[in-house]
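Structure, as structure tokens:
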Amino acid sequence: MRREVMRRGAQARGQALVEMALLVPLLLLVVVGLVHLGWALNAHQVITNAAREGARVGTRAGATTAAMRAVVLDVCRNAGLDTAEVTVEATPGAPNVPSSVTVSYAFHSPLDALFGRFFDGQAVVVRAQCVMKY
Numbered sequence: 002m003r004r005e006v007m008r009r010g011a012q013a014r015g016q017a018l019v020e021m022a023l024l025v026p027l028l029l030l031v032v033v034g035l036v037h038l039g040w041a042l043n044a045h046q047v048i049t050n051a052a053r054e055g056a057r058v059g060t061r062a063g064a065t066t067a068a069m070r071a072v073v074l075d076v077c078r079n080a081g082l083d084t085a086e087v088t089v090e091a092t093p094g095a096p097n098v099p100s101s102v103t104v105s106y107a108f109h110s111p112l113d114a115l116f117g118r119f120f121d122g123q124a125v126v127v128r129a130q131c132v133m134k135y
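Residue numbers are given in my numbering: position 103 of the sequence shown equals residue 104, and the series is strictly consecutive.
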């Protein structure tokens with residue numbers, strides 16, 4: 002009787018170990034996916050703010066496309082984004098014409114080094130646009 006109880010306990014521990022070995026990779030994949038999503042959302046928030054700042058500059062009298070672009074790139078640089086991956090399309094405002102800024106960012110995850118070969122290492126393009134009244 003006593004041996005039977007001990008065997009069942011050993012089997013339960015072995016079963017738990019096998020179940021954990023099967024679930025840990027899935028849980029790790031979910032955690033890595035959430036981290037990747039968080040970085041992408043952060044990049045989107047940064048370029049949204051950059052587009053807003055660029056459009057705000059474009060509403061001032063005498064604003065130029067170069068000034069708007071410089072502000073957008075400065076905001077992206079200060080937030081830690083790679084400005085080589087940032088594309089800015091800006092139109093300064095005029096009386097009764099709103100200023101417009103569209104920012105695109107090719108988001109490369111820091112995890113591409115580990116998982117890039119599974120997803121062809123392609124960047125996710127994140128876009129934001131802001132239009133402000135002059």
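Don't be surprised by glycine CBs; every beta carbon is placed ideally from N, CA and C. Keep in mind that this is a model prediction, so the values were computed, not measured.
- Taking a C-beta distance under 8 Å as the contact criterion, A64 and C131 do not qualify as a contact pair.
- Closest by C-alpha distance to K134, out of G39, A62 and P26, is A62.
- Our two residues, A107 and V125, have alpha carbons roughly 6 Å apart in a direct line.
- Taking A67 as the centre and dropping the five residues before and after it, the same chain places no C-beta closer than 6 Å to its C-beta.
- According to the DSSP secondary-structure assignment, Q130 is paired through a beta bridge with T103.
- Within the same chain, Cβ atoms closer than 6 Å to the Cβ of R70 are found at V89 and A91, the five residues on either side in sequence being excluded.
- In the displayed model, A68 falls within a helix according to three-state DSSP.
- Within the same chain, and ignoring the five residues on either side of A41 in sequence, the residues whose Cβ sits closer than 7 Å to its Cβ are F108, V125 and V127.
- In its chain, beyond the 5 residues on either side, V127 and A129 have a beta carbon closer than 7 Å to the beta carbon of H45.
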